[in-house]
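What follows is a single structure, written as structure tokens, with notes after it.
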Amino acid sequence: MNNTIQYNSNKVIVAENLTKKFGNFKAVDHISFEVERGEIFGFLGANGAGKTTAMRMLCGLSIPSGGKGTVAGYDIGTQTELVKKSIGYMSQKFSLYDDLKVWENIELFGGIYGMKSPEIKEKTDALMKVLDFENERDKLVGSLPLGFKQKLAFSVSIFHNPQVVFLDEPTGGVDPITRRQFWELIYEATSRGITVFVTTHYMDEAEYCDRVSIMVDGKIEALNSPKNLRKQFNADSMDDVFQQLARKAKRVDG
Amino acid sequence: MKQLFSFIRKEFYHILRDKTTIMILLLMPIIQIILFGFALTTEVKDTQVAVLTTTNDEASSRIIDKLNASAYFDVVAKIHNEDEIQTVFRDAKAKLVVVFEDHFAEKLRHTGKAHIQLIADATDPNAATSFTFYASNIINSYQLELMSEAKNPYQIIPEVKMLYNPQMEGAFNFVPGVLGMILILICAMMTSIAIVREKEMGTMEILLVSPMKPIYTILSKITPYFVLSCVNFATIMLLSVFVLKVPIAGSFLSLILVSFLYIFVALALGLLISTMASTQIAAMLISGMGLMIPVMLLSGMIFPIENMPVPLQIVSSIIPARWYISAVKSIMIQGLGFSSILKEVGVLALMATVLIGISMKKFKVRLE
Amino acid sequence: MIKFLLRKEFKQIIRNPFLPRMIFIFPLMVLLVFPWAASYEIKNLNLSVIDNDHSPYSRRLTEKIVSSNYFRLTNVSANYKQALKSIEKKQSDVILEIPPHFEKDLVNKQSAKVMVSANAVNGMKGGMSMTYLVSIVTDFNSEITDELLGGAASSSDSKPTIQIDSQYKFNPHLNYRVFMVPALIVLILTQLCGFLPAISIVFEKELGTMEQINVSPVPKTTFILAKLIPFWIIGFLVITIGSAIAWAVYGLVPAGYYSTIYLFAGIYILTVSGLGLVVSNYAQTLQQAMFVIFFFMLVFIMLSGLYTPIDSMPEWAKWVASFNPLKHFMVVMRSVYLKGSNPLQLSKELFALIGFAIFFNVWAVLSYRKKN
């Protein structure tokens, strides 16, 4: 192609042979993929397959043992602080402060990502309306039900309009309706141009993604849109696709 | 019964898996007993002394030499006027200033009376009184020397025996205290934090709704820590006897028995604390910080209980360490038998029962 | 950015069910109760007497001892075995045994013995009982000698007397509380400001909120500062409360300036917080962090001169103590309160504390890992 500049504005995440070793154990084994701007990219796999480890490398939380990667154009090995400025993150534990109020959590993370107080206030008001959280605004996050917390955590993670948001198993422990509502929020975010990188072990959620990769034993064994994968594996559902791949797996629940 | 043993075994595995924590729990007491055993003493040694004398006469020189020669004092400075006294203290050059009257020896010879003034830095009042006490003794012994040059035909000779601790080692007084403190703090902390941890993780509830009686659940929880504490006790004993040279003058068996009882009480205390704390941090704050100061100050480990005002003596009597330390001193240092510690054993046994009783009740309540 | 983090920290502290109460109640309790317990003063020495002579001299000797203010007669026994039991039962601290024919021996053979046995488990107490008792016996000796020689020996030139006069500087009434209260304030400060910032960080690690911070652009130094500053301020608050209690309850006012105290306190708090942070950076679990911090705290406290004087320690222990920030601050507090020392006179402690503060905090920042 003609423009071989490092920073390709359409490829928000690029991974080239990313590897992470813990001693002799290869948690992530030479994975390569690219994520386009505005995509919802699903990162699937069983527990212990290496999803979380891979994601942590992309977020700058973990130094790769081998390979290269860029997020928002910044190198994840050498420019981690720049990476962090451009991303949002939501972990399995939701990571909001239980002893701070809803608006206080928003204010804190907004401020951390460099937003100014007037802007924070304005956007908080808007967010409360959108989420229908007006009554919850002054409540301590610890007192909120799980589903509320998840939605709030997601909203906080994209509050500063990052280029890409990383979600690590964001919908654990809630009923399917709440999960569905959560995914509405994700769609809303992508419509604003935010790229979504989400790991999950719920196979039905795979259907919501634009493209999906399936990790088995640290390697990517499949990477395509859900529709194409179903065709490829002659499967009725993503669950079926996964079962076929998982049968090859040697690692169970690390 | 078999169930109980399998639970206990599970608890052991659980603990042994966390090697770092075990290392910390085993090493801490070792370092502590060595440090404290050697360092904690109120002996007066090599105290810096300044002397103020305007005349360099025989009497004052003799006294100065005696002071310097004693293990208690080290004469570091000679000053010549009263203004310098302020400086000496302000700059912490000496803790005691000995002021000889002008023409000391002359006055002594001709009038038979002369003055020495002892000025002590009393920021530490206890040390200060020791300084003046020992200095006075030395000056008096000089006086005796002079007197024995005169005729003193009638002699009452005191034969002195220092019982139990002939060398007056500080360690003899403090090691039992340090032992008591370390055991209770570590046991209470270990147990309370571990149990609260399980509460936090939710696994405690699972155990409590199991068909096993709550008392067995609790016993299985405590057992590994009991063993750990016994290891600590043994280590501290070995170090006390062989490194600190504090011998066990009395029955080793009695010592072991009362120590086991005490460890049990300490663990029960940890248990009680765990029922009161909802987070690990709270458990640690109560058992670590909360227990530390009362044990240090009121258990008799440092400050003698008999000196305290009565209300504090009463408070002191609910601190298990107080009874244990008293028992250890009786057996280890004084070499007395089991019959001498009946009171202590009784109190400790009572405490154990009460603590376990209250904890059991609290556990039951939570289930309902 | 730091203002947002500071806001968070303060709110969390205030909303914590424990902390605010602890900050106010803990100093109160410690300072109200413990100064009364902390004293080595040896008040009553309990005496057991075995009088096997039953002579005027033996009675006089006993009388003399009892009428001195040092001893209380708590036991009279017929033999040594009985007397020893009274020591075992903690009824007496020292035994005086007067053998049979005491008076006869003294008058006729010109020498007689008495046996003194002191309970030396507490070496100081034993030493004191022994010395006091012996000095009274010696006095008695002179009295008797005088009488027997018919007053001939009271010519001045054979009885030189050195009059000793003791004065106590900085604490003329030998008030032990004056000594303990500033020291206890240091203790409180150490426990609160040493433990808490570190616990706060490890706690966030366990909760998972730490990860959220690590993945954000918050620089290490900013985060650590945001943890330190609130406790620094709390530390000042605690010192103020402590000083207020010292003044209100004990009438204790420093001979020096409060500003000196605050200056040193400010540095000291940074030192202990820094150490706590270093521990928390290396600890894998909350449990470990707490045990190690507790260990340091205990060692620091015992080797600080709070309970036993540094001067009494063996050389190597004194050397170890010089690495103990608590020891230096203890010296400062006591010097400022009792001697009115100023920072110049305490320059050694000042440099030591500054050195420690820099060392620990730099180490804390360097060892804090946002990624692994």
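Residue numbers (our numbering), protein chains in the order written: chain A, 1 to 254; chain B, 255 to 622; chain C, 623 to 994.
Built from N, CA and C at the ideal position, the CB exists for glycine as well.
As the structure is a prediction and not an experimental result, all values here were calculated from the model.
Rounded C-alpha distance that separates residue i from residue j
i, j, result
"Gln-634 (chain C)", "Leu-609 (chain B)", "34 Å"
"Ile-63 (chain A)", "Phe-148 (chain A)", "33 Å"
"Lys-146 (chain A)", "Phe-43 (chain A)", "The question names Lys, yet the displayed sequence has Leu at residue 146 (chain A). When rounded, the distance between both Cα atoms is 23 Å."
"Leu-653 (chain C)", "Lys-273 (chain B)", "39 Å"
"Glu-34 (chain A)", "Ala-54 (chain A)", "13 Å"
"Leu-61 (chain A)", "Ile-835 (chain C)", "10 Å"
"Ala-537 (chain B)", "Ile-758 (chain C)", "54 Å"
"Lys-616 (chain B)", "Thr-529 (chain B)", "7 Å"
"Ser-777 (chain C)", "Tyr-754 (chain C)", "Low local confidence applies: a pLDDT of 49 at Ser-777 (chain C) is under 50, so the model's placement there is unreliable, and no value is given."
"Asn-380 (chain B)", "Val-738 (chain C)", "25 Å"
"Met-750 (chain C)", "Gln-910 (chain C)", "45 Å"
"Thr-383 (chain B)", "Glu-454 (chain B)", "53 Å"
"Trp-985 (chain C)", "Phe-917 (chain C)", "19 Å"
"Tyr-662 (chain C)", "Val-987 (chain C)", "43 Å"
"Val-352 (chain B)", "Val-800 (chain C)", "24 Å"
"Ile-262 (chain B)", "Met-255 (chain B)", "11 Å"
"Ile-5 (chain A)", "Glu-81 (chain A)", "Unreliable placement is indicated for Ile-5 (chain A), whose pLDDT of 35 sits below 50; no coordinate value is reported for it."
"Asp-779 (chain C)", "Asn-730 (chain C)", "Any reading at Asp-779 (chain C) is ruled out, since the residue's pLDDT is 44, under 50, leaving its predicted position unreliable."
"Met-644 (chain C)", "Ser-902 (chain C)", "22 Å"
"Tyr-7 (chain A)", "Gly-73 (chain A)", "Confidence is the limiting factor: at Tyr-7 (chain A) the pLDDT is only 47, short of 50, which leaves the residue's position unreliable and the question unanswerable from this model."
"Thr-760 (chain C)", "Thr-684 (chain C)", "13 Å"
"Asn-561 (chain B)", "Trp-658 (chain C)", "9 Å"
CB of residue i within 8 Å of CB of residue j, strictly
i, j, result
"Val-900 (chain C)", "Leu-925 (chain C)", "no"
"Leu-811 (chain C)", "Val-860 (chain C)", "yes"
"Phe-640 (chain C)", "Leu-539 (chain B)", "yes"
"Ser-553 (chain B)", "Glu-710 (chain C)", "no"
"Ala-313 (chain B)", "Ile-333 (chain B)", "no"
"Glu-719 (chain C)", "Ile-672 (chain C)", "yes"
"Val-165 (chain A)", "Ile-13 (chain A)", "no"
"Thr-307 (chain B)", "Phe-343 (chain B)", "no"
"Gly-77 (chain A)", "Thr-19 (chain A)", "no"
"Val-212 (chain A)", "Leu-185 (chain A)", "no"
"Gly-424 (chain B)", "Thr-296 (chain B)", "yes"
"Arg-56 (chain A)", "Val-102 (chain A)", "no"
Identity of the residues DSSP links to residue i by a beta bridge
i, result
"Val-463 (chain B)", "In the DSSP output, where bridge partners are listed per residue, Val-463 (chain B) has none listed."
"Tyr-880 (chain C)", "According to DSSP, Tyr-880 (chain C) bridges with nothing at all."
"Phe-41 (chain A)", "A:Phe-197, A:Arg-211"
"Ser-733 (chain C)", "B:Gln-409"
"Lys-827 (chain C)", "Per DSSP, none; premise fails for Lys-827 (chain C)."
"Ser-670 (chain C)", "C:Asn-697, C:Ile-717"
"Met-90 (chain A)", "A:Leu-167"
"Asn-1004 (chain C)", "Within the shown structure, residues of chain C are numbered from 623 to 994, placing residue 1004 (chain C) beyond reach of any answer."
"Lys-101 (chain A)", "A:Leu-140"
"Gln-789 (chain C)", "B:Ile-373"
Supposed contact pair residue j and residue i - C-beta distance, whole angstroms, cut 8 Å
i, j, result
"Val-743 (chain C)", "Tyr-418 (chain B)", "5 Å"
"Asp-99 (chain A)", "Leu-140 (chain A)", "6 Å"
"Ile-883 (chain C)", "Pro-876 (chain C)", "7 Å"
"Leu-507 (chain B)", "Val-429 (chain B)", "Contact flag wrong, Cβ pair sits at about 19 Å."
"Trp-854 (chain C)", "Leu-892 (chain C)", "7 Å"
"Val-958 (chain C)", "Glu-971 (chain C)", "Val-958 (chain C) to Glu-971 (chain C), Cβ: 10 Å. No contact."
"Ile-31 (chain A)", "Ala-15 (chain A)", "6 Å"
Neighbouring residues, chain E, relative to residue i (Cβ below 7 Å)
i, result
"Glu-663 (chain C)", "Annotation note: the requested chain E is absent from the structure, which comprises protein chains A, B and C."
>> For the region 460–477 of chain B against the region 573–580 of chain B, do three or more pairs of beta-carbon atoms, one drawn from each stretch, fall closer than 8 Å, so that the two count as touching?
In response: no
> Can we say the region 20–39 of chain A touches the region 216–224 of chain A, given the rule of at least three CB pairs closer than 8 Å?
Replying inline: yes
> With contact counted as at least three CB pairs below 8 Å, one residue from each stretch, are the region 582–601 of chain B and the region 509–519 of chain B in contact?
Replying inline: yes
> Between the region 365–372 of chain B and the region 783–800 of chain C, do three or more beta carbon pairs fall short of 8 Å?
Replying inline: yes
> Pairing CB atoms from the region 852–859 of chain C with CB atoms from the region 878–895 of chain C, are three or more of them under 8 Å?
Replying inline: yes
> Touch check for the region 481–500 of chain B and the region 454–465 of chain B: three-plus C-beta pairs under 8 Å?
Replying inline: no
> Quick check: the region 477–486 of chain B against the region 260–275 of chain B, are there 3 or more CB pairs under 8 Å?
Replying inline: yes
>> Taking contact to mean 3 or more Cβ pairs, one atom from each stretch, closer than 8 Å, check whether the region 152–164 of chain A and the region 86–98 of chain A are in contact.
In response: yes
> With a cut-off of 8 Å, do at least 3 Cβ pairs link the region 193–206 of chain A to the region 115–134 of chain A?
Replying inline: no
> Is the region 520–535 of chain B touching the region 439–450 of chain B, taking contact as three or more C-beta pairs under 8 Å?
Replying inline: yes
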